[in-house]
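Just so you know, full-length UniProt numbering puts 77 at position 77 of the sequence shown, and the rest follows in order with no gaps. In what follows, a structure is listed as structure tokens, so that the remarks can point back to it.
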Amino acid sequence: MASNPPDSSVAASGRFPLGDGPGVHRLGYGTMRLTGPGTWGPPADPTAAVALLRRAADLGVDLFDTADSYGPDIVENLVREALHPYDGITVATKAGQLRSGPGEWVACGRPEYLRRKCEQSLRRLGVERIDLFQLHRVDPTVPAAEQFGVLAALRDEGKIAAVGLSEVSIEQIQQAEAVVDVATVQNRYNLVDRASDAVLRYCTEQGIGFLPWFPLAAGSLAEPDGVVAEIAAGYGVSAAQIAIAWLLQRSSVMLPIPGTSLIGHLEDNCRAGGLELDLETVAKLDSVG
């Protein structure tokens, strides 16, 4: 089984033309793990969280995905402490989820709420314009056009550079596109959860970036006698690297954002940017997911 030695940075993952600048490396970092249990409260060691964010940037990560609801508010503050003034870094954040306690999430897409949350994120991140502002969930109690409309207004006002959506169908993407350009979609997607395959195909056809959340889930496939573990042993890499490399080869618009609170895991994940799976391996993974 042939492989290329994994690069120590994410540069080998290639670039995706997100925004007006040079784009971003296709292998990013998701910050959801940098909180207390249930995505609530501060991390056990905020200093270590800041160090991890800086290490990610050192490794070439230039796309950091966060949200006002992580903590809430806490992770945006950590991102600012670690990375401001974001030279060469794209920060994507999200709004549209109310938090009342650990593990509790309620969609809220009222236009005045989304606008207020955008203003607060601008202050927490210390920027005049958010690189990528994503609707965390489409609120079923508010007309979708109103939610997409406030995103368009915020972009027109120069408060956000690009608009993203999270956990949406093709129909919802098309409804949003009638109001505002959609730069990215963030849906749950991994080796064992491909419910968004049709959405991924649509994004690939339209050139919309696709950020898979929960990208490292492999279930029994990653257990010692599982297919992913077997493949990883053959390549001499971790199961996580196999899962990320498969995603990167799945589509040219795929932008994995694996998250972790451990620098060792971060460094391991980043090596997947230089891992190329042969066609036989990809076919095998395609068939077992």
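Built from N, CA and C at the ideal position, the CB exists for glycine as well.
Residue range of the alpha helix (DSSP H) that includes residue i
| i | result |
| --- | --- |
| V168 | Premise fails: V168 is in no alpha helix (DSSP H) and is neither H nor E. |
| V282 | 279 to 288 |
| L275 | Taken as a continuous stretch (DSSP letters only), L275 belongs to no alpha helix (DSSP H), as it is neither H nor E. |
| F148 | 144 to 156 |
| A217 | Element bounds for A217: n/a, residue is neither H nor E. |
| Y235 | 227 to 235 |
| R194 | Here R194 belongs to no alpha helix (DSSP H), and DSSP marks it neither H nor E. |
| R250 | 239 to 250 |
Status (buried if at least 16 other CB within 10 Å, exposed otherwise) for residue i
| i | result |
| --- | --- |
| T35 | buried |
| R15 | exposed |
| L125 | buried |
| E76 | buried |
| D45 | exposed |
| T141 | exposed |
| A2 | Note that A2 scores 39 on pLDDT, short of 50, meaning its location in the model is unreliable and no value can be drawn from it. |
| A283 | exposed |
| A198 | exposed |
| T47 | exposed |
| L266 | buried |
| D62 | buried |
| L279 | exposed |
Beta-carbon proximity of residue i to residue j, cut-off 8 Å
| i | j | result |
| --- | --- | --- |
| G149 | V168 | no |
| V10 | G273 | yes |
| A245 | N269 | no |
| L191 | A229 | no |
| F64 | L78 | no |
| residue 302 | L27 | Only positions 1 to 289 of the chain appear in this structure, which leaves residue 302 out of reach. |
| L122 | A95 | no |
| F210 | V185 | yes |
| G103 | G38 | yes |
| A222 | H136 | no |
| Q174 | A144 | no |
| S261 | P72 | no |
| R33 | G207 | no |
| I257 | G21 | no |
Span of the beta strand (DSSP E), counted from its first residue to its last, around residue i
| i | result |
| --- | --- |
| T184 | 184 to 186 |
| L200 | L200 -> not in any beta strand (DSSP E); alpha helix (DSSP H) instead, spanning 197 to 206. |
| D131 | 130 to 135 |
Pairwise C-alpha distance: residue j and residue i
| i | j | result |
| --- | --- | --- |
| V138 | G234 | 42 Å |
| I74 | P85 | 18 Å |
| L255 | T93 | 15 Å |
| A162 | S196 | 22 Å |
| S69 | L98 | 7 Å |
| G60 | A243 | 20 Å |
| P224 | S238 | 12 Å |
| R110 | V91 | 23 Å |
| A152 | V127 | 19 Å |
| S252 | G41 | 36 Å |
| E177 | R250 | 24 Å |
| V50 | I130 | 20 Å |
| G112 | G158 | Residue identity check: residue 112 is Glu in the sequence provided, not Gly. Cα-Cα distance, rounded: 17 Å. |
| S100 | L18 | 33 Å |
| P215 | R116 | 30 Å |
| G226 | S166 | 31 Å |
| R80 | A57 | 13 Å |
| N4 | Q120 | Confidence in N4 is poor, its pLDDT being 44 and thus under 50, which makes the residue's placement unreliable; the coordinate value appears in the next sentence. Whole-angstrom Cα-Cα distance: 44 Å. |
| A107 | G236 | 42 Å |
| S287 | L132 | 34 Å |
| R194 | G289 | 8 Å |
| R220 | C118 | For clarity, residue 220 is Ser in the given sequence; the question names Arg instead. The alpha-carbon atoms of S220 and C118 are separated by roughly 40 Å. |
| R201 | I170 | 10 Å |
| Q147 | G164 | 12 Å |
| T281 | P212 | 21 Å |
| R188 | A232 | 23 Å |
| A12 | E205 | 23 Å |
Worksheet item: Of all the alpha helix (DSSP H) runs that stay within the bounds of the region 50 to 115, which reach a length of 4 or more residues?
Response: Segments of the alpha helix (DSSP H) lying fully in the region 50 to 115: 74 to 83.
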